[in-house]
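Residue numbering for the sequence shown follows the numbering used here, beginning at 52 and increasing consecutively.
For glycine and all other residues, C-beta sits at the position ideal for the given N, C-alpha and C.
Worksheet for the structure shown next.
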Amino acid sequence: MIRPNIRFLSPYSTARDDCQAATPINVYLDANESPYDNGVNRYPDPHQHALKAAVSRLKGIPEECIFAGNGSDEAIDLLFRIYCRPGSDNVVSIAPSYGMYAVSAAINDVELREVCLDPDTFALPTERLMEATDERTKLLFVCSPNNPTGNAFATEQLEQLANRFAGILVVDEAYVDFSPHGSLLPVLHRHPNLVVLQTLSKAWGMAGLRLGLAFAHPEVSAYMARVKYPYNINGPTQQEVIRRLASEPHATHVAEVLAERSRLTRALAASPLVVKVYPSDANFLLVKFRPAEATPAYDRLIAAGIIVRNRSRLPLCADCLRITVGTPRENDKLLAALDAPAS
Ligand SMILES: *Cc1c(COP(=O)(O)O)cnc(C)c1O
């Protein structure tokens, strides 16, 4: 599965990796850094040991199965570069889904085959996904809960897909903390071809730090570690993430978002402009407006200083806006700007 140039790659190594000193090293004259301590004058740990130890404790996954990237987007791009030969291999994804799969595919000159979800239920089209694959399909992307439809897929269905697909199944769980269906991490050890992506950008409230996680068989995560830039996670981010994983009011915030998600769902569904609010397992709602009403509603929100995502040009999303659940006050403003009865 691995591209030959990657299989035989000798990765960049640092002097600190190469030396196996018995005495503790405390004078660092190997990397041409500044010797004047200002908190950031030293290169950060390229293996992110302390960070991975913290993630390992939190998730119950061995450190050797964890990759930490500069956002999930780095993990997505690395998977293309490790598995897909430009100009000849292909990948398959559900549609509509997260835009970065298509962007990464285009950058890496890899064909993306998009398979539409069931138009009414957004259910997973397992048979059509399998039919879209061939012997050159290296990656299959399934986002669950899916962006922008909001629904999660059942663990059993995703496991069946992992069993049937000969390539790497990438399950993007960016919104898993908001979903009652839970994560695939408990079954990761059963599927050597499964990569689970999570991120600290959503429920954990650390989008500004850029920290994405991939969980995979140790051989897969080792290839990701070899191909990444050596210092992909900067020092302050490593420290901040460790501190915040231990201390953030993560659960309280998730509970409030879930309560607000229900309230917004009811209020928007009662609006005469709205045809349907799709059920959501994430921290956003996909809202279908009456024909030709989505773009005027979008413009009214902009005029009120509120930006949402107009998804009306995506497949299966005609007349749809994607609205992130905000704080109770922000949600009140949204409902007022749409003339929807706040409840
Ligand atoms: C927001 C989002 C991400 C997060 O990407 P980061 O690069 O980690 O911020 C990943 N996948 C999906 C589907 C998302 O919606």
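key: Between the CA atoms of ARG314 and ASP390 - distance to the nearest angstrom   = Position 339 of the sequence shown, counted from the start, is the residue given in the question as residue 390. Position 263 of the sequence shown, counted from the start, is the residue given in the question as residue 314. Roughly 15 Å separates the two Cα atoms.
*Do the region 190-207 and the region 137-149 make contact, defined as three or more Cβ pairs closer than 8 Å?*
yes
Which of helix, strand or coil DSSP assigns to GLN249
For the purposes of this step, residue 249 is identified with residue 198 of the sequence shown, where counting begins at 1. Strand at GLN249.
| request: Just mark ILE358 as buried or exposed, buried being the case when its beta carbon has 16 or more other beta carbons within 10 Å. | output: Here residue 358 refers to the residue found at position 307 when the sequence shown is read from its first residue. Result: exposed.
task = Quickly, what does DSSP pair GLY233 with across the bridge? List them, please.
result = By one-based count along the sequence shown, residue 233 stands at place 182. Note: GLY233 sits in no beta bridge, so no partner.
_I need the DSSP call for VAL305, collapsed to helix, strand or coil._
As a working note, residue 305 is residue 254 in the sequence shown. Note: VAL305 maps to helix in three-state DSSP.
Start and end of the beta strand (DSSP E) containing ARG164?
Here residue 164 refers to the residue found at position 113 of the sequence shown. Start and end: 162-167.
* Asked: Just checking my contact of VAL247 with LEU235 at CB under 8 Å: how many whole Å lie between their CB atoms?
  -> Mapped onto the sequence shown, residue 247 falls at position 196. Mapped onto the sequence shown, residue 235 falls at position 184. That belief holds up - the Cβ atoms of VAL247 and LEU235 are roughly 5 Å apart, short of 8 Å.
Indicate, with yes or no, if ligand 1 has a heavy atom lying under 7 Å from the CB of CYS368. Here residue 368 refers to the residue found at position 317 of the sequence shown. No, the beta carbon of CYS368 sits no closer than 7 Å to any heavy atom of ligand 1.
SER144 in three-state terms, based on DSSP: Sequence index remark: in the sequence shown, residue 144 carries index 93 (1-based). In this structure, SER144 counts as strand in the three-state DSSP scheme.
- Task: Can you check DSSP and say which residues form a bridge with GLY263?
- Result: Walking along the sequence shown from the start, residue 263 turns up at place 212. DSSP, once it has assigned bridges, lists GLY120 and THR250 as partnering GLY263.
**Prompt:** Of all the alpha helix (DSSP H) runs that stay within the bounds of the region 165-232, which reach a length of 4 or more residues?
**Reply:** 177-183 and 206-215
Q. Where does ASN244 fall in DSSP's three states?
A. Locating residue 244 in the sequence shown gives position 193, counting from the first residue. Residue state, collapsed to three classes: coil.
Next item on the list: Go through its chain and collect everything with a Cβ distance to ALA388's Cβ below 7 Å, but skip five positions before and after it.
Entry: Within the sequence shown, the letter at position 337 stands for residue 388. Contacts found: ARG351, LEU352, ALA355 and ILE357.
Rounded to whole angstroms, what's the CA-CA distance from LEU385 to VAL161? Just pull it up for me. In the sequence shown, counting from the first residue as 1, residue 385 sits at position 334. In the sequence shown, counting from the first residue as 1, residue 161 sits at position 110. The alpha-carbon atoms of LEU385 and VAL161 are separated by roughly 40 Å.
Just to check my reading of the structure: VAL338 and LEU367 have Cβ atoms closer than 8 Å, yes? What is that Cβ distance to the nearest angstrom?
Counting from one through the sequence shown, the residue named residue 338 turns up at place 287. Counting from one through the sequence shown, the residue named residue 367 turns up at place 316. VAL338 to LEU367, Cβ: 14 Å. No contact.
Short Cβ contact (8 Å threshold) for LEU239 with CYS116 = On the sequence shown, residue 239 is found 188 positions in, with the first residue counted as 1. On the sequence shown, residue 116 is found 65 positions in, with the first residue counted as 1. The answer is yes: Cβ separation under 8 Å.
Note to self: Let me make sure I understand the geometry here. Which of PRO330, ALA345, ASP332 and SER144 has the alpha-carbon closest to that of PRO323?
What the structure shows: One-based indexing of the sequence shown puts residue 323 at position 272. Closest by alpha carbon: ALA345.
query: Can you tell me the Cα-Cα spacing of ILE293 and VAL106, whole angstroms?
result: Residue numbering aside, residue 293 sits at position 242 when the sequence shown is read from its first letter. Residue numbering aside, residue 106 sits at position 55 when the sequence shown is read from its first letter. When rounded, the distance between both Cα atoms is 8 Å.
Margin query: Need the endpoints of the beta strand (DSSP E) that VAL325 sits in, please.
Written below: As a first step, residue 325 must be located in the sequence shown, where it is residue number 274. Unbroken beta strand (DSSP E) run through VAL325: 325-328.
Under the three-state DSSP convention, the category ALA378 falls into:
Against the sequence shown, residue 378 aligns to sequence position 327. The residue asked about is misnamed: residue 378 is Thr in this sequence, not Ala. DSSP places THR378 in coil when its eight states are reduced to three.
Would you mind sorting CYS70 into buried or exposed? The rule is 16 or more other CB atoms within 10 Å of its CB.
-> Taking the first residue of the sequence shown as 1, we reach residue 70 at position 19. Exposed is the call here.
Below 8 Å, can you find three or more Cβ-Cβ pairs linking the region 165-183 to the region 85-93?
no
In the DSSP output, what is TYR336 paired with across the bridge?
As a working mapping, residue 336 is identified with position 285 in the sequence shown. It should be pointed out that residue 336 corresponds to Leu in this sequence rather than to Tyr. Per DSSP, ILE374.
8 Å Cβ cutoff met for PHE131 and ASN159
Residue numbering aside, residue 131 sits at position 80 when the sequence shown is read from its first letter. Residue numbering aside, residue 159 sits at position 108 when the sequence shown is read from its first letter. The answer is yes: Cβ separation under 8 Å.
Taking 8 Å as the cut-off, does the region 262-273 touch the region 78-85 (at least 3 CB pairs, one atom from each stretch)? no
Can you find the residues in the same chain that come closer than 8 Å, C-beta to C-beta, to TRP36, ignoring five residues on each side of it along the sequence? What the structure shows of the chain is the stretch from 52 to 394, and residue 36 is not part of that stretch, so it cannot be assessed.
Open item on the list: For a test of the three-state rule: what should DSSP assign to ARG341, helix, strand or coil?
Closed with: For the purposes of this step, residue 341 is taken as the residue at position 290 of the sequence shown. Three-state DSSP puts ARG341 in coil, outside helix and strand.
Where ASN361 falls: helix, strand or coil (DSSP) | Residue numbering aside, residue 361 sits at position 310 when the sequence shown is read from its first letter. DSSP places ASN361 in strand when its eight states are reduced to three.
State the Cα-Cα distance for the pair GLU307 and LEU180, rounded to the nearest angstrom.
-> What you label residue 307 is simply residue 256 of the sequence shown in a count that begins at 1. What you label residue 180 is simply residue 129 of the sequence shown in a count that begins at 1. The straight-line gap from Cα to Cα measures roughly 36 Å.
Quick check on the burial criterion: 16 or more other C-beta atoms within 10 angstroms. Buried or exposed for VAL78? Position 27 of the sequence shown, counted from the start, is the residue given in the question as residue 78. Exposed, since its Cβ has fewer than 16 Cβ neighbours within 10 Å.
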